[in-house]
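Under my numbering, think of the first position of the sequence shown as 64, with each following residue one higher.
For each residue, glycine too, the CB sits at the ideal point set by N, CA and C.
All values derive from a computational prediction rather than experimental measurement.
The structure appears below as structure tokens.
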Amino acid sequence: MFLFISSFIWFLISLSDNYISHVTFNLNYMSIPEDKLVLGKPKKNITVDIEASGFKILNYRIFRRELNLPLDNFKEKKGDHFYMLPAQVENVINNQYKSLVVRKMNQDSLLLDLGVNKKKYIKVDPDIHFEFAEDHQLKDSLRIQPDSIWVRGPEDLVKKIKEVTTEKGNYNNVKGSFEYVLPLKIPDSVKELEFETKRITISGTMERYSERIILVPVQVQNLPENTTLKLYPDKVKLICKAPISQLKNINENGFKVVCDYNDIQKNSAVVIPRLVEKPKYVTSVKMLDMKLEFLIKKQ
64 MFLFISSFIW FLISLSDNYI SHVTFNLNYM SIPEDKLVLG KPKKNITVDI EASGFKILNY
124 RIFRRELNLP LDNFKEKKGD HFYMLPAQVE NVINNQYKSL VVRKMNQDSL LLDLGVNKKK
184 YIKVDPDIHF EFAEDHQLKD SLRIQPDSIW VRGPEDLVKK IKEVTTEKGN YNNVKGSFEY
244 VLPLKIPDSV KELEFETKRI TISGTMERYS ERIILVPVQV QNLPENTTLK LYPDKVKLIC
304 KAPISQLKNI NENGFKVVCD YNDIQKNSAV VIPRLVEKPK YVTSVKMLDM KLEFLIKKQ
């Protein structure tokens, strides 16, 4: 116990003496205009050698202090580029912490770049993969809300970002109406920016599809006067794929299949029909009669 008490008293006596040691200050940049932002990554702290009593040095080492650096203390280098020499930093420390004597600053000049608080719109690119339920397809286009967002922040960071993607979304056996929320995938390099939103909504409607076979008459184009063209067969079979709710509406009036007289080749016994019109709700059409025989009669 006597040894402990003696050591403690010796420790207190030692702390009362002055020493030279290094301490670290957190930097606090102040008086930045409201329409300006600090660009890049300015220094967040500095280390300096100071002379003070052991008590103060111990206190400053345990409880790190802040060093306020008003913009007025910086010198303008060019435009919105500023700097502060080591001697100026030492003066700021001596003014804020008068009980300390700065002996040496261990860093070069402090640099500070300011920029405009910029805002722009960027596209949202969803990273999604759907596995639809059997015989199902997307009824209309996929809805993305919002499909573009604004970002705001330092102009040097805003310039870097052109678009933003979402986290990966995999959805299986999708049918009926659906709505999914996906978070944005924001790169670490631009996380300091302010985003209008950090998630989007993806929605749509799946509908069951089926097929139906119909007969459609073939029309002849560019037929010369006093000429008739007889086709065999004169109607073609079409396999039409459409939503089940629309199958009953499919008939020959919604389709147009043509043969062009100018496409008939000499010494050829067949002509190829072409589908030129179909209803919008029909997603695909397969023609079963790909070649038609013909007979030309001139008056």
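Which residues DSSP lists as bridging residue i, in chain order
i, result
"Glu356", "Tyr295 and Val333"
"Lys304", "Glu274 and Ser347"
"Thr268", "Ser240"
"Arg57", "The question about residue 57 has no answer, for the chain in this structure spans 64 to 362."
"Met168", "Val111"
"Met147", "Leu173"
"Tyr123", "DSSP lists no partner for Tyr123."
"Ile263", "Leu245"
"Ser84", "Ile113"
"Pro280", "Lys298"
Endpoints, the beta strand (DSSP E) within which residue i is located
i, result
"Ile200", "As written in the sequence, residue 200 is Gln, which differs from the Ile given in the question. Here the beta strand (DSSP E) through Gln200 covers His199 to Leu201."
"Ala115", "Asn108 to Ser116"
"Arg96", "Per the sequence presented here, residue 96 reads as Pro, with Arg not at that position. Looking at the DSSP string, Pro96 is not in any beta strand (DSSP E), and its letter there is neither H nor E."
"Asp323", "Lys319 to Asp323"
"Phe195", "Ile191 to Phe195"
"Asn289", "Looking at the DSSP string, Asn289 is not in any beta strand (DSSP E), and its letter there is neither H nor E."
"Gln208", "Arg206 to Gln208"
"Arg128", "Arg128 to Pro133"
"Glu226", "Glu226 to Thr229"
"Lys141", "Lys138 to Lys141"
Supposed close pair residue i, residue j - CB separation, criterion 8 Å
i, j, result
"Asn136", "Val155", "6 Å"
"Lys304", "Glu274", "5 Å"
"Lys99", "Val179", "7 Å"
"His199", "Lys225", "Contact flag wrong, Cβ pair sits at about 34 Å."
Residue i classed as buried or exposed, judged by whether at least 16 other C-beta atoms fall within 10 angstroms
i, result
"Lys223", "exposed"
"Leu177", "buried"
"Phe88", "buried"
"Phe126", "exposed"
"Phe118", "exposed"
"Ile109", "buried"
"Ile313", "buried"
"Val339", "exposed"
"Pro209", "exposed"
"Pro250", "exposed"
"Leu175", "buried"
"Glu259", "exposed"
Start-to-end residues for the alpha helix (DSSP H) that takes in residue i
i, result
"Glu218", "Glu218 to Val221"
Beta-carbon gap between residue i and residue j smaller than 7 Å
i, j, result
"Val320", "Val299", "yes"
"Gly216", "Glu257", "yes"
"Val214", "Ile185", "yes"
"Asp297", "Val281", "yes"
"Thr229", "Leu245", "yes"
"Leu294", "Val348", "no"
"Asn91", "Glu129", "yes"
"Val221", "Lys183", "yes"
"Leu148", "Ser172", "yes"
"Leu355", "Tyr324", "no"
"Ile263", "Val187", "yes"
"Pro189", "Ile276", "no"
"Glu218", "Lys181", "yes"
"Tyr234", "Phe195", "no"
"Ser308", "Thr268", "no"
"Lys360", "Thr291", "yes"
"Val164", "Tyr123", "no"
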